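Residue numbers (my numbering): 1 to 309.
Ideal Cβ positions, reconstructed from N, Cα and C, are used throughout, including at glycine.
Just so you know, these numbers come straight off a predicted model, no measurement behind them.
Down below is the structure, laid out as structure tokens.
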Amino acid sequence: MTHGHIYDMIIVGGGPGGYTAALYAARAGLDTLVLEKLSAGGQMALTQQIDNYPGFEDSVDGFTLAEKMQAQAERFGARTEYAQVERLDLTASPKVLETSEGTFLGKTVVLATGADPRKLGVDHEEALVGRGVAYCAACDGMFYRGKTVVVVGGGNSAAADALLLSRIAKKVILVHRRDALRATKIYHEPLKQAENLEFRWNSAITGLLYGDRLTGVQLKNLNSGEVFNLDCDGLFISVGRTPATELVRGQLELDPGGYILAGETTETSIPGVFAVGDVRTKRLRQVVTAVSDGAVAVHMAEEYLAGGT
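Here's what the structure looks like:
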């Protein structure tokens, strides 16, 4: 079924970037639709406690914050359709979005599809998320003040997470499969100077130890084959993210990591198409930066629509 109505803006993804775009667009009088496959919030909805989003002095859980964002956008007239987007034609005029609930047409499209943290793939990993296993040091590091944590990874994200946690935790153990970090040189000296940071080179995590929550990890030395247990209170997995860009591959320009090439204006390689939040190229992926992107995208979309291009 093709919905013949043409929206001013269709937003793909109902996370913080998507619903901020919906709020700003609806308040600006744009006919706005949000396409969300499951429920509001995206990755944010899985976060049990958010302390670094402005305006909540006692913190807020991600699910509640997501519901509030959705309700606020819908109060101003934004509409939500729960549908799985299956195909996009972003060069068409209007732009065509084929979904599980039919085909929708829009003058502009905001992509807020997010990025998922890569998993280690060890047993019980998902079951222990929020009970010792985490993927975001900036989000969850404060829960491990004065404790021992393990960070796994060797790139910039792992290095940045290890540095951040070294200022919070009693001890940080950085586990990497190789004998040197892949992270840029700017991280190397600060990591060496962190007195509570220990490196475990040529090592991989092969199992998790747990009771009600994580109590340690099983390490394997990749050179000797030796396997041993390492006690810890938390495990931060920093082995990269997978952006949700399969739908736009071949249409939009992507960076080597698969993220949509879009700068601070959120404009992509196709006029009238904008990328916000974790799915676009950026230095910091947080709720507050996704929200900022959403506001910027609407400003740029208004300019696009006013230009009649």
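query, result
"Starting from the C-beta of Gln-193, find all residues in its chain whose C-beta is less than 7 angstroms away, skip the five residues before and the five after it, and write them out in chain order.", "none"
"Alpha carbons only, please: which of Lys-119, Gly-146, Leu-88 is nearest the one belonging to Cys-136?", "Lys-119"
"Is the stretch 284 to 297 close to the stretch 13 to 22, with three or more CB pairs under 8 angstroms?", "yes"
"List, from N- to C-terminal side, the beta strand (DSSP E) runs of 3 residues or more that fit wholly inside the stretch 50 to 104.", "79 to 82, 85 to 89, 95 to 99"
"What are the partner residues of Asn-221, as DSSP defines its beta bridges?", "Ser-203"
"Specify, as a first and last residue, the run of the alpha helix (DSSP H) that Arg-16 falls within.", "Note on residue identity: the sequence assigns Pro, not Arg, to residue 16. Element bounds for Pro-16: 16 to 27."
"Under the rule that 16 or more other beta-carbon atoms within 10 Å means buried, what is Glu-267, buried or exposed?", "buried"
"Could you spell out where the beta strand (DSSP E) holding Pro-271 opens and where it closes?", "It is not in any beta strand (DSSP E) - Pro-271 carries neither H nor E in the DSSP assignment."
"Is Asn-229 near Gly-211, with beta carbons less than 7 angstroms apart?", "no"
"Where in the stretch 141 to 192 do unbroken runs of the alpha helix (DSSP H), each at least 4 residues long, occur, reported from the N-terminal end onward?", "156 to 166"
"Compare the C-alpha of Arg-285 against each of Asp-123, Ala-112, Leu-30, Glu-302 and name the closest.", "Ala-112"
"Hey, how far is the Cα of Gly-14 from the Cα of Phe-76?", "16 angstroms"
"Beta strand (DSSP E) containing Asp-231: first to last residue?", "227 to 231"
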